[in-house]
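Protein chains in written order, with my numbering: chain A, 29 to 321; chain B, -4 to 362.
Read the structure below first, then the notes.
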């Protein structure tokens, strides 16, 4: 009994959308709904977890713009129909896991039947940043509820506050312009791996299980340094950890890992997957997922 | 099955949502500097010929003159909130920051790590999971919607919804650009700074707490109010079509309010206090009159207005106004309060809650 992911997609920035997280998110969302055969109007909830966006938009939530562009009940309320509620969450690279937990709560309570989790990032605009380190990419996860044994178990979180020393990003006024500045320490991936491993063991403990029962670990970020550190801290071969092919994908990294693992037939029906993410904060989250089917 | 336009959470479900959430305490932080509308309008670059005070009913707003930023406002509000509760910060399962602005050390907006993580660390909420939620001026009530859902299911027992809005700088930027009453940056001149926090916890048996929480996004109107980082000025700029937003909200709210009220079988007249998002005193009065006429029913008291002395403090307005009402002793135990969200998106939401004696006692009122 739990929230299941019906479909996952990934979208990459094209030349025209390279500065638009919105366009990338809409492309991912539309493809996800289309491939799953889900009409946009079936969505009850849309949660966006992307961070780096068009001109650093502060309001409205990017999710509202995505909802309009996807065409999910954008019209004024009318009787005998349902609308869509949209908002953003921000939790760095852990954002999609947070969004899944939010969706899981409303699916579990029966308030909604279908939710779309979206995340995308793009270089916010010309002249706003030097060497934007992340790929222009996004992803979408279509979720629903099942009463059988599959789906997500409890979500586990842990914070290891470092004041942003491992990784931080800010928009500040420098030399007469607002600029996005992103700073990562040399120890970032090592630190994130330690945090991810800690929360992974906590998640397994709470479920009274261990890594032997886990068929695949899906993790974010996708950087080799993080994956190697995580494998070592968990005491598993690195092959048991699946990450996005593109190391530069940021908030959509976990979605891309899920999408690519599905495409590679690594998410078999009935198998158990551990989703793991660790990022700035340091914040780490984990959840066990039983693949439906 | 009856279809609701709102994403709605109402009566408890013994299996899926066996608990209720109650408002355990509320807290706020208001900067000490008062900026009058007269002084703000005197600072505009152009001769605007706008009587903003007459237009909006805003006499003054509180502004940080550098001593506070989004983080310090939020942290101070969270500490105020916790100080009115018996619970230590270590008992919090979750801290959700819901502000639009995330300015720290002046006008540097922090994107990562989260502001919620910094707040949790500052107040000693060492066991709390943290994340930020962003939904324009509906942020805090959206946070309440999420936390209420988790408490009802028993996923968490206690959590803090918090926000710090150091947003008056948008008004300072707008003062350079507004030329006349048609300016789309006019609404930026109504903004004030504030921090606010709401502590929600699992309610004991028999305590009513939050009875309804419902939200929707009318996304056809998502581009009526846009705020983004200014190119060459510090902070941000906001462009708003205020009249269209107001008109749309008034057209859409009655059907949504009726849904929320019907879901618990009560009438508008059963609501004691209505707190809507504070944009303009005139808009609130006019809007409530129109809604009352459409519903052919009215709440027991006029809608609360605090925008006249605090301005529009973005995501914190409902909490700031609720505290004004509690401090003034205008809310009695057992009274039902409707918090109505109206924000860029277009986000429309309703939270119905019953205030209990314990909450009022934390503000020194004994009934």
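Ideal Cβ positions, reconstructed from N, Cα and C, are used throughout, including at glycine.
Chain B contact residues for residue i, given Cβ-Cβ distances below 8 Å
i              : result
residue 175(A) : Within 8 Å Cβ-Cβ: nothing; residue 175(A) doesn't reach chain B, min ~11 Å.
residue 265(A) : Chain B residues near residue 265(A): none, gap ~30 Å exceeds 8 Å.
residue 79(A)  : 106 and 107
residue 157(A) : Per Cβ cutoff of 8 Å: no residues; residue 157(A) is ~11 Å from chain B at best.
Chain-ordered chain A contacts of residue i [CB-CB under 8 Å]
i              : result
residue 221(B) : 85, 87 and 88
residue 141(B) : 130 and 133
residue 237(B) : Under the 8 Å cutoff, chain A gives no residues; its nearest Cβ is about 14 Å from residue 237(B).
residue 128(B) : 115, 116, 117 and 118
Run of the beta strand (DSSP E) containing residue i, from where it starts to where it stops
i              : result
residue 182(A) : 179 to 187
residue 141(A) : From DSSP, residue 141(A) is part of no beta strand (DSSP E); its letter is neither H nor E.
residue 90(B)  : 89 to 92
residue 143(B) : Unbroken run through residue 143(B) is the alpha helix (DSSP H), 134 to 148; no beta strand (DSSP E).
residue 210(A) : 205 to 212
residue 156(A) : Premise fails: residue 156(A) is in no beta strand (DSSP E) and is neither H nor E.
residue 29(B)  : 28 to 31
residue 129(B) : 124 to 129
residue 353(B) : Careful: residue 353(B) lies outside any beta strand (DSSP E), inside the alpha helix (DSSP H) at 352 to 356.
residue 311(A) : 311 to 318
Among the options, nearest to residue i - alpha-carbon criterion
i              : options                           : result
residue 314(A) : 208(A), 246(A), 35(A) and 151(A)  : 246(A)
residue 298(B) : 322(B), 310(B), 328(B) and 263(B) : 263(B)
residue 47(A)  : 61(A), 80(A) and 234(A)           : 80(A)
residue 284(B) : 260(B), 241(B), 314(B) and 301(B) : 241(B)
residue 290(B) : 90(B), 250(B), 278(B) and 268(B)  : 250(B)
residue 64(A)  : 74(A), 311(A) and 34(A)           : 34(A)
residue 137(B) : 208(B), 255(B) and 301(B)         : 208(B)
residue 88(A)  : 226(B), 255(B) and 128(B)         : 128(B)
residue 303(A) : 106(A), 133(A) and 182(A)         : 182(A)
residue 12(B)  : 35(B), 197(B), 39(B) and 86(B)    : 197(B)
residue 232(A) : 166(A), 185(A) and 137(A)         : 185(A)
residue 148(A) : 77(A), 203(A), 105(A) and 300(A)  : 77(A)
residue 93(A)  : 317(A), 290(A) and 52(A)          : 52(A)
residue 211(A) : 221(A), 116(A), 109(A) and 157(A) : 157(A)
Span of the alpha helix (DSSP H) around residue i
i              : result
residue 17(B)  : Element bounds for residue 17(B): not the alpha helix (DSSP H) but the beta strand (DSSP E), 16 to 24.
residue 238(B) : 237 to 258
residue 229(A) : 216 to 234
residue 116(A) : That residue, residue 116(A), is in no alpha helix (DSSP H); its beta strand (DSSP E) goes 113 to 118.
residue 260(A) : 252 to 262
residue 167(B) : 164 to 172
residue 68(B)  : 65 to 78
residue 151(B) : Counting along the chain, residue 151(B) falls outside any alpha helix (DSSP H), and DSSP gives it neither H nor E.
residue 49(B)  : 47 to 51
residue 290(A) : 281 to 291
residue 312(B) : 312 to 322
residue 85(A)  : Counting along the chain, residue 85(A) falls outside any alpha helix (DSSP H), and DSSP gives it neither H nor E.
residue 282(B) : 276 to 290
residue 54(A)  : 49 to 64
residue 116(B) : 110 to 118
Per DSSP, cross-strand counterpart(s) of residue i
i              : result
residue 247(A) : 304(A)
residue 35(A)  : 170(A)
residue 105(B) : 198(A)
residue 307(B) : 186(B)
residue 210(B) : 2(B) and 344(B)
residue 180(B) : None; residue 180(B) has no bridge partner.
residue 337(B) : 343(B)
residue 75(A)  : 115(A) and 145(A)
Contact list for residue i against chain A, beta-carbon separation under 9 Å
i              : result
residue 156(B) : Neighbours of residue 156(B) on chain A: none; closest Cβ ~13 Å, over 9 Å.
residue 148(B) : 133, 136 and 137
residue 144(B) : 130, 133, 134, 136, 137 and 139
Amino acids of chain A, ordered along the chain, whose beta-carbon sits closer than 7 Å to that of residue i
i              : result
residue 95(B)  : 86 and 87
residue 124(B) : 185
Presumed contact (8 Å Cβ cut-off) between residue i and residue j, rounded CB distance
i              : j              : result
residue 154(B) : residue 89(B)  : 4 Å
residue 111(B) : residue 65(B)  : Not confirmed; about 12 Å, so no contact.
residue 159(B) : residue 186(B) : About 14 Å separates the two Cβ atoms, so there is no contact after all.
residue 259(B) : residue 206(B) : 5 Å
residue 341(B) : residue 244(B) : 7 Å
residue 17(B)  : residue 351(B) : 6 Å
residue 134(B) : residue 276(B) : Not really, about 22 Å apart at Cβ, beyond 8 Å.
residue 163(B) : residue 59(B)  : 7 Å
residue 250(A) : residue 271(A) : 4 Å
residue 109(B) : residue 92(B)  : 7 Å
residue 194(A) : residue 219(A) : 5 Å
Neighbouring residues, chain B, relative to residue i (Cβ below 7 Å)
i              : result
residue 201(A) : 102 and 229
residue 221(A) : Those do not exist, as residue 221(A) stays about 17 Å from chain B at its closest Cβ, beyond 7 Å.
residue 232(A) : Neighbours of residue 232(A) on chain B: none; closest Cβ ~17 Å, over 7 Å.
Residue i beta carbon near the ligand FMN (any heavy atom closer than 7 Å)
i              : result
residue 300(B) : As presented, the structure is devoid of all ligands, the ligand FMN included, so that no description of it is given.
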